[in-house]
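Numbering (the numbering used here), first residue to last: 10 to 348.
Listed below in structure tokens is the structure:
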């Protein structure tokens, strides 16, 4: 298939700039993957589409304030975006402007509270940097860093926690697993109380997930590797759900990619590793039976994944309907349930 097959027209005013309050009052387009029919709902009615014994799998990765601003030794300004942790205080970073970060250069952030040295320039021009600080690294980031909001969000975020899921736990993402932003703690408690099981995986979201597809033939696109982890209790819950005919529903494309990466060998087990799985139409799903997701950018790998799961024509029709009904799109936008 061609990249252009996944293009759709989106009026700029439908790109959500701020999150909905309360979280679970966002709209929800329900797409029946069997017949392609569409219903228009609110997210707080998600329970109406779930069965007792269904399993929701959520990504508990926590976004770090990964944008930090500093200066090179000598005074020139520099911006770092932390992409992936490579060691205790070693990170792969995106540097702007790139020419100001050569191997051996020393840089200072937060008035000198955080120091960095460039160790290596890797493929794509990213830098490997070693950081040094006296206090806890992540505590310091909370003080001096900014949330790495996508470029299509131009309004300032008043509350950092609104770009986190309420169940975020494991720090390490450069972007939020945004399908989970719709859940409240009360809603999760109510779902559990009604017999819906909930389990967690971790996939630290890197910018590779959102890297534009440059190749016209989508099969030639190469995904960036991202680190994931499936705890033993989650693997056991998935196996138990599958064995009795229950449905495994991924909350977000990151949870989906994690599960599909680990399902290659059949039954689930505790797992940790890296995945560069690229899911597009023609892929045969092995793990998930349903998907909670947001509305994604045209020609992105994420809309390709949704098209693979729901069907290309059904996905395209659902997106056209969402535009006509003036749904809110992208990270702070409305939800889609495919089941």
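Yeah, the Cβ is synthetic: ideal placement off N, Cα and C, and Gly gets one too.
Check                                                                                                                                  : Outcome
For residue 211, three-class secondary structure by DSSP                                                                               : strand
Cβ shell of residue 343 (< 6 Å), same chain only, five flanking positions each side left out                                           : 35, 36, 336 and 337
Cα-Cα separation between residue 114 and residue 96, rounded to whole angstroms                                                        : 19 Å
As assigned by DSSP and simplified to three states, the class of residue 348                                                           : coil
Meets three-Cβ-pair contact criterion under 8 Å: the stretch 314 to 330 and the stretch 22 to 30                                       : no
Contacts around residue 328, its chain only, beta-carbon distance under 8 Å, and the 5 residues preceding and following it disregarded : 17, 304 and 312
Residues bridged to residue 37 (per DSSP)                                                                                              : 50 and 344
Selected residue, minimal CA-CA separation from residue 284, among 182, 248 and 212                                                    : 212
Complete runs of the beta strand (DSSP E) confined to the stretch 268 to 295 [at least 3 residues]                                     : 280 to 284
Own chain partners of residue 276 with C-beta closer than 7 Å, once the 5 adjacent residues on each side are dropped                   : 248
Where the beta strand (DSSP E) through residue 180 begins and ends                                                                     : 179 to 182
Rounded C-alpha distance that separates residue 93 from residue 302                                                                    : 24 Å
Inside the stretch 57 to 114 only - beta strand (DSSP E) runs reaching at least 3 residues                                             : 64 to 68, 70 to 72, 76 to 81, 86 to 94 and 99 to 105
Residue 8 to residue 216 span [Cα, whole Å]                                                                                            : With the chain running from 10 to 348 in the structure shown, residue 8 is simply not present.
Cβ pair count under 8 Å reaching 3, the stretch 185 to 202 against the stretch 225 to 242                                              : no
Bridge-paired residues (DSSP) for residue 155                                                                                          : 76
Closer than 7 Å to chain C by CB, residue 283                                                                                          : Looking at the structure shown, chain C is missing, and only one protein chain is on hand.
Among 156, 179 and 161, the one whose alpha carbon lies nearest that of residue 168                                                    : 156
Stretch pair the stretch 282 to 301 + the stretch 251 to 265: three plus CB contacts closer than 8 Å                                   : yes
Minimum C-alpha distance to residue 68 - residue among 173, 290, 286 and 288                                                           : 173
Beta-carbon proximity check, residue 65 vs residue 207, cutoff 7 Å                                                                     : yes
Within 7 Å, strictly: CB atoms of residue 353 and residue 54                                                                           : Because residue 353 is not part of the residues shown, which for the chain are 10 to 348, the question remains open.
From 233, 171 and 132, residue whose alpha carbon lies closest to that of residue 192                                                  : 171
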